[in-house]
Amino acid sequence: MLSKEFWKDLAERAIKTFAQALLAVLAVGVPIWELDWSGAFGIAATATVMSVLTSIASISVGTQGTASVVSSPARHRKE
Numbered sequence: 001m002l003s004k005e006f007w008k009d010l011a012e013r014a015i016k017t018f019a020q021a022l023l024a025v026l027a028v029g030v031p032i033w034e035l036d037w038s039g040a041f042g043i044a045a046t047a048t049v050m051s052v053l054t055s056i057a058s059i060s061v062g063t064q065g066t067a068s069v070v071s072s073p074a075r076h077r078k079e
């Protein structure tokens, strides 16, 4: 769990989740000047926490050393 690759993988997933959740909130049809920014960031932060927890929970499920639930033996193969 404490490998550098795991934390890089977790961080990448968390950052992507934050951006996707924030964009989803922005796309609800409200003009940007009327958007509840604190609510939008709260939703994005909640999604990010869930992403981090999911990555940590999947430590022993997928490919060892990654935050993935899916096993992918060729993913990190060095050639």
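According to UniProt numbering, the stretch in the sequence shown is residues 1 to 79, in order.
Cβ coordinates follow ideal geometry from the N, Cα and C atoms, glycine included.
Quick caveat, the model's predicted, so the values are computed rather than measured.
- Boundaries of the alpha helix (DSSP H) around G39: 37-57.
- Setting aside the 5 residues that flank it on each side, L26 has no residue in the same chain whose C-beta is closer than 6 Å to its C-beta.
- DSSP places A27 in the coil class of the three-state scheme, outside both helix and strand.
- Within the model, the alpha-carbon separation for T46 versus V30 is close to 21 Å.
- Leaving aside the five residues that flank T48 on each side, the residues in its chain whose CB is nearer than 6 Å to its CB run, in chain order, A14, T17, F18.
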